[in-house]
Structure formats: structure tokens, C-alpha cells
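Number of protein chains: 2
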Amino acid sequence: MTAAIIGVGMTRFGRDLEHQLPELAFKAIDEALRDAGVSKEDIGFIAFGNVGGWSGEFFPLPIVCEYAGLNPRGGMRVEAACASGSAALAAACMAVESGYADIALAVGAERMNELASTPAIVELLGRGGNFFWEFEMLGLTFPAYYALFARAYMDEYGATEEDLAKIAVKNHYYGSMNPKAQFQKKITIEDVLNSRYVAWPLKLYDCSPITDGAAAAVVASERIASRLTDTPIWVKSQGIATAPANLTMRRDLLSIESVVEAARQAYRKARIEDPVRSLDLALVHDCFTIAEIIAYEDLGFARRGGGYLLAREEQTYIGGLIPVNTDGGLKAKGHPIAASGLAMIYEAVKQLRQEVDRGRQAPIKHGQALIHNVGGTGHFAYVTILSLEKP
Amino acid sequence: MTAAIIGVGMTRFGRDLEHQLPELAFKAIDEALRDAGVSKEDIGFIAFGNVGGWSGEFFPLPIVCEYAGLNPRGGMRVEAACASGSAALAAACMAVESGYADIALAVGAERMNELASTPAIVELLGRGGNFFWEFEMLGLTFPAYYALFARAYMDEYGATEEDLAKIAVKNHYYGSMNPKAQFQKKITIEDVLNSRYVAWPLKLYDCSPITDGAAAAVVASERIASRLTDTPIWVKSQGIATAPANLTMRRDLLSIESVVEAARQAYRKARIEDPVRSLDLALVHDCFTIAEIIAYEDLGFARRGGGYLLAREEQTYIGGLIPVNTDGGLKAKGHPIAASGLAMIYEAVKQLRQEVDRGRQAPIKHGQALIHNVGGTGHFAYVTILSLEKP
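If you're matching them up, the sequences are chains A and B in order. If you're matching positions, the first sequence starts at 3 in our numbering and goes up one per residue. If you're matching positions, the second sequence starts at 3 in our numbering and goes up one per residue.
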């Protein structure tokens, strides 16, 4: 059986200390239900992506269900670090495809700014690595992991800080046109290069921000989906993989092994041999600029060592080889951990339906989009292929 | 499609400060894989139940996968408070029934004693209620919630502290014969009545303990299950429901609404009209003695207000109306939050296969067992029906 996305919703991402987690989640749920044209009563299962730790509620799903009026519908919280949004989509799809529910809701929400600018958030994000050995014993913070990846990549292939900056400039360019983005202003290469170092060679503008926000998708079974909408967006495949948290267990720092594996699964199941000639666009997990460049290679958009050339030659703008992060990416749109995967799904669905404003709408020829969502430093990888065509 | 459990494993529950979370999880996984006769390489998906908070690792699944040699297999952490073990089983079943994997692993693990006897655990467990309003503002601890349920129940129906004590005595009796139980000693009514009050009218021996432990189940698709074992235990149905965390939103304190809903779903799907005449045994969520009595009523084993009479008349021992908690229950076996649901699954599978030691083995006539797993104070409820017969 196959599942389709029939509605999506998301909050405007940003700094939002006024709304509690259930309020953020409700805004996204409400928009997704309206978009799908279904009501709360139609929902049979809820998968709620949330990392928490920064939130007061330790068991957030019941609070969200209560606030959104979803009781007594059943569900579970799912967590795959920064890939929790994609994990929520996977759980909702499995609930529908297994026959447990006809219509399921995938929601991701995170409220992070309450801890921003405190040492607590550095520790919490540091736990996105290997907490015991690498954060506690060695002092590796989360940006430091990606700085190690960047340093290794630049040394191996000759990429420069300017090449990394090109990613930030592109993503801010698209963010400037996205009314849901946290940062809606263009930046220049000089802005990036002149920003302060966070973890050398990564500077402030190489990093995604701390964000509050929520995103949601309504998933329906084959039978229901075609009845409710003319443009169901089919979840053609999802690849799911894990890899060691511990850097000493990795082969090298030039590739995220879990992404290679998840992409292999997703491409095989979707019968995609040449991604660049099969996809209209991709949303990739640019938690740091270097992450987007490595993703180009791990996803097969470029050969090994060729990812930074795509950035340098501006091949991932609309009109280039393959448009990437037309919503501004995590960099400009914002990165509320567990909401990010579903926000990428939101953008992919809107793009495939051609509902995006001019300037940001990619040409839709193949009817397929890819979503790449990484948890931690590659602990988790989810690669999802959405399609206008029923598989 | 239908899924079957082909292997189970669990650690001996208890106080265990020597083993880290991945070590506990691995012990249960290893036993379950051996029991199923499959290897790590056969696993296609991992659902890991863990509440955490008391553990150092914020993203525990990758650490568990790394330690158990399960990388690059994909998965997600699932959480439904104290029902996380059942949620892990549900996710594993959905992964198999949706066709995502042929064989999936459901694991639950918790390491709680590192915080025992500190104020931190009172706060963490207090979050099992409604954190913001009821813990933070009103000071309700977790035992206090169930004390309110007990007080309301006793006032309404005339049940006594002795009736509650009967549950503890029964569960310790079975615990005394269970080599995996935390407490393997019998107790008397006097032991319970003379133990100190934790939250009046609940005394120390009315409460389940703080426990470290892990449990696991291997779930396989219809095709694979019948090929690998002569006694697949079919997951006939699962009911899943949520209810408001906030007590002020409840109709009354005499019933757990989410349990009634989850039982309704599970019975309907399994075509069970008279549970007592259809089930050989039940494992119910006795986090406190009163919880088991209310469960008798919510699950339809007794009429409203008649649950305590089942306890008084010892109808839930083997040989009575329906044996309940033949493994010692959470009370004597121990309650490592996210492992508890899967430990109940472990017991039900062993009972249905008639692999339990004499004295604890229930007669198997109907070939069906029920598992009742509650999260928080009824925020989540999972009711699972296992069967020897393919649905």
C-alpha cells in the first residue's frame, strides 16, 4: 500500500517566546487540516516529532493533543534527533500503510529560544554528538563537529571559505522570498566572510539559527487520498539509516555514512538511477554550510570532491543542475530541530503542487522531489522521495 | 497484513548501576534475537522505547545501535511515557505491516537508579502528570495522582486499604517465582499495611519501584514468521488512545478514559466481546495497586465498582476468573518505564508458548493474552491482544 500527503502546514519560523509548544503545534496542525480539507475527527493516528529538553513538558504529545482537541486519538512521540520530523512522517506513513489508520497526522514542533544564549543550549546541542566521550570528555560542541568536517573537506579537495559562503548566500536569497522564513534578507559573500568565527572555519553565517516553530503533514491511504484531493503527493520511498555517534568509529569525515545508506534505499525503492535527471528539486539538511556541500556528494548530485564546485558554479539555484533549498534551507528558514524535516516536506509539497510564489517556484518536469534530513552528526539519516505520480 | 512476535528477551530487572543503557538494551536484544533464531543482519527497522531524562545520553538510539552492532539499520526512538514499550511494539508492527521491513526490533530500556533518592527523580516522575499546572503550580507528585484516584475509588465504592494490599500480595507472590523480577519475595497483607505512607492512602508496598532494565521483541511479517517458528505469537490488535494530562479535564477519577477507548479499539479489532471468556491471562499496568483495580473495570473484567471485589475474592490468581500479572507485575517485577510494556509482552509470549515455570504458568485454553500499558496518569493507553491463532 502507498501513502500520500494531502495537506501541509507550518508556522512562520523565528524567535517566538510568546507561544508555548502546544500553541505552535496547533497552528501547524490547523493549517495542515485546512489544506487537506479534513477535520480532527478524521485523524486516526498522530506521530509527534519533538526533541524537547529545552521545553518544560517532559511528555509533550498529550499536552499537544489536549490543546488541539485531538484526544482520544492515539499516537506516540518519535525522536531521531534533528531528523525527528522525517521520523514523524515515516511513522504516520507506516500507520496508514499498515492499515492502522486511514488518515494520520505527522507533526514536528520545537521551542528552543527559551534557552538561547544560555550555556544550557550549548550542552543540549552538544549532546547531538557523542555525549559521554566527545562532549563531556573532549569538549566537542555541535558546531565543532561540522567544523572538523569542513576542515577535512577543505584540506582534501581545496574548497575555500568562499565556497562555503556561497551556500549561505544562496539560501538567504531564497529565504528573502519565503514569508515563513526566520531570516528574510539577502546577504553577500562579504557578510559571511566578515561574520565572527563560531568554530573555525565556520562563521556565524555558516550556521543555522536557534528557532521556534512547528510543521505538520496529513497523510492518507491510497483510497482516501485520491478521493480528497486532485494533487495527492505520494510518498514514493523513504530510506532510513543510523551510524555511530562516535567520530572515532567513522571511516572518514568527508561523507555521512548514514546518508549514503538512506539514499541508496530511497533511490532503489523509487527506481531512481540518476538523481539529477529524476528530481525537480531537493531540500537538504544545511545545519551548517559544509553539510549542504557534503550532502550534494552523498546524495549523488556531484562526484566525490565535486560538491563545492556545484556551489561555486551556482548550479543549485533554480535554473541550474538541481535547485536545492528553495525555501531558504535551515540556514535562512530556521531550524527548530524536530520541525525541520516536516518543514522541508512542506516546501517539497508546495513546490510539486506549483503553489510557490514566482521567483522561488522551481520548474516541475519530473514531478519528484527529495528531502534529506540528518540527525546529530549523521547518527540518523532519513531520505524521502515525494512524487506527483502514484508509485 | 499481520505481524507476529517470533522472539523475546529481557534483562533481570532491578537496581543496576553497573551497566549503561546500551549494555542493558543489548542484553535484551541479544536474548530476543537468539530466541527468534535470527541475526542482527536480518533486522530491517528498530523502534526504541526510552523516556530518558535520567540518562546521560540525549539521543540514545544511535548509541544503542552502535553498541549492539545494528548500524546502519534505520530506526527511531518512540515515547509514550510509561507506555513507551508498547509504542515501540506498535511502531515495529507498523514497520512490518506497511512492508517497510520484513523483520523489525522493538526495544525498551530505562536506567533510573542513577537518580533514585534524589529530588531530581521526584521532579522527573512528577512530569508524568501535567507538569506546568499540576506539578509546578499545585505540587502534585506522581504517587499523589494515584492517591487521589484511590481516595475517590474508596469513597465511591467502599474499597479498603486491605483490598489494595491484596494486589501487592498477589503480585509479590508471582514475583517470588519469577527469576527476572526485581523483588523475588512474598509479602503479607500486614507487610503492606504496616509500610509507611508515600501519599495517603498509598503506602510503600502499594507502589512500583525505581528500576533499571530492558526488554525486546522481534516482530516478523506473516510470510517470515511462519517460516521461522512453529509458535509465532500474532499481534491480533492494538488499541492506542490519548487523554488530557490535566486532571481538571477528566470526567471523574474512577476510570482512565484513554484505557476505555484503547480497550474498545483492541476488542473490536480482535472480535472479543467477553474478555474474561476470551483471554487466558492479562498483564496490566499496576504502577500502583489502585491502578490494577481500576484496570479490571476499564478492561471489562469486572463491572464498575466491582474491581476491588476481584482482588478481595482472589479471582485474578491462576485458577480464578482471569489470571493477572503472573510475572509479578510492575509492583514486584519492577518498572523501568519504557521497558515495562515490552516486559509484559515478554511474559505474555512465554505464557502463550507455555514456557513458564510451573506455579506461574496459566492454563492456555483460548490462546489469547492482553497487555495493558498506561502512560502518565492515563495520558496514553496501549492495549494489545496477542494470539496463538493467525488473525
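All residues carry an ideal CB built from backbone N, CA and C; glycine is no exception. All figures in this text were calculated on a predicted structure; none of them were measured in a lab.
Residue i: first and last residue of the uninterrupted alpha helix (DSSP H) it sits in
{"i": "V11(A)", "result": "Rather than Val, the amino acid found at residue 11(A) in this sequence is Gly. Run containing G11(A): none in the alpha helix (DSSP H); it sits in the beta strand (DSSP E), 5-12."}
{"i": "G177(B)", "result": "163-177"}
{"i": "E158(A)", "result": "144-159"}
{"i": "G309(B)", "result": "309-314"}
{"i": "E192(B)", "result": "191-196"}
Any C-beta of chain C under 8 Å from that of residue i
{"i": "H381(B)", "result": "The chain labelled as chain C is not found among the protein chains of the depicted structure, namely A and B."}
Pairwise C-alpha distance: residue j and residue i
{"i": "A334(B)", "j": "R355(B)", "result": "23 Å"}
{"i": "E221(B)", "j": "A93(B)", "result": "Note that residue 221(B) corresponds to Val in the displayed sequence, not to Glu. In a straight line, the C-alpha of V221(B) is about 10 Å away from that of A93(B)."}
{"i": "G87(A)", "j": "P234(B)", "result": "34 Å"}
{"i": "Y269(B)", "j": "I373(B)", "result": "12 Å"}
{"i": "E224(B)", "j": "T4(B)", "result": "6 Å"}
{"i": "I427(A)", "j": "A108(A)", "result": "Residue numbering for chain A in the displayed model covers 3 to 393; residue 427(A) lies beyond these limits and cannot be assessed."}
{"i": "F290(A)", "j": "E81(B)", "result": "29 Å"}
{"i": "R229(B)", "j": "R36(B)", "result": "16 Å"}
{"i": "L204(A)", "j": "T143(A)", "result": "13 Å"}
{"i": "A265(B)", "j": "E136(B)", "result": "27 Å"}
{"i": "A216(A)", "j": "R279(A)", "result": "32 Å"}
{"i": "A201(B)", "j": "A85(A)", "result": "41 Å"}
{"i": "A154(B)", "j": "F50(B)", "result": "36 Å"}
{"i": "I296(A)", "j": "T13(B)", "result": "41 Å"}
{"i": "E294(B)", "j": "L256(B)", "result": "12 Å"}
{"i": "Q317(B)", "j": "V10(A)", "result": "51 Å"}
{"i": "S389(A)", "j": "I274(B)", "result": "41 Å"}
{"i": "G361(A)", "j": "N173(A)", "result": "13 Å"}
{"i": "V171(B)", "j": "A383(B)", "result": "25 Å"}
Residue i: first and last residue of the uninterrupted beta strand (DSSP E) it sits in
{"i": "F50(B)", "result": "47-51"}
{"i": "L72(B)", "result": "That residue, L72(B), is in no beta strand (DSSP E); it is neither H nor E in DSSP."}
{"i": "L107(A)", "result": "105-113"}
{"i": "A81(A)", "result": "Sequence inspection shows Glu at residue 81(A); the Ala mentioned does not correspond to that position. That run of the beta strand (DSSP E) goes 77-81."}
Coarse secondary structure for residue i, derived from DSSP in three states
{"i": "C289(B)", "result": "coil"}
{"i": "L204(B)", "result": "strand"}
{"i": "E99(B)", "result": "helix"}
{"i": "V124(B)", "result": "helix"}
{"i": "V40(B)", "result": "coil"}
{"i": "L281(B)", "result": "coil"}
{"i": "Y319(A)", "result": "coil"}
{"i": "G16(B)", "result": "strand"}
Burial state of residue i, where buried means 16 or more other Cβ atoms lie within 10 Å
{"i": "N196(B)", "result": "exposed"}
{"i": "M96(B)", "result": "buried"}
{"i": "T120(A)", "result": "exposed"}
{"i": "S41(A)", "result": "exposed"}
{"i": "A243(B)", "result": "buried"}
{"i": "A122(A)", "result": "exposed"}
{"i": "L126(B)", "result": "buried"}
{"i": "E68(B)", "result": "buried"}
{"i": "K187(A)", "result": "exposed"}
{"i": "M78(B)", "result": "buried"}
{"i": "P181(A)", "result": "exposed"}
{"i": "D359(A)", "result": "exposed"}
{"i": "Y199(A)", "result": "exposed"}
{"i": "M251(A)", "result": "exposed"}
{"i": "K377(B)", "result": "Per the sequence shown, residue 377(B) should be read as Gly rather than Lys. With 16 or more Cβ atoms within 10 Å of its Cβ, G377(B) is classed as buried."}
{"i": "M139(B)", "result": "exposed"}
Beta strand (DSSP E) runs wholly inside the stretch 208-279 of chain B, at least 3 long, in chain order: 214-223, 235-244
query: Curious, which full-length alpha helix (DSSP H) runs of at least 4 residues does the stretch 329-389 of chain A contain?
result: 331-335, 339-354
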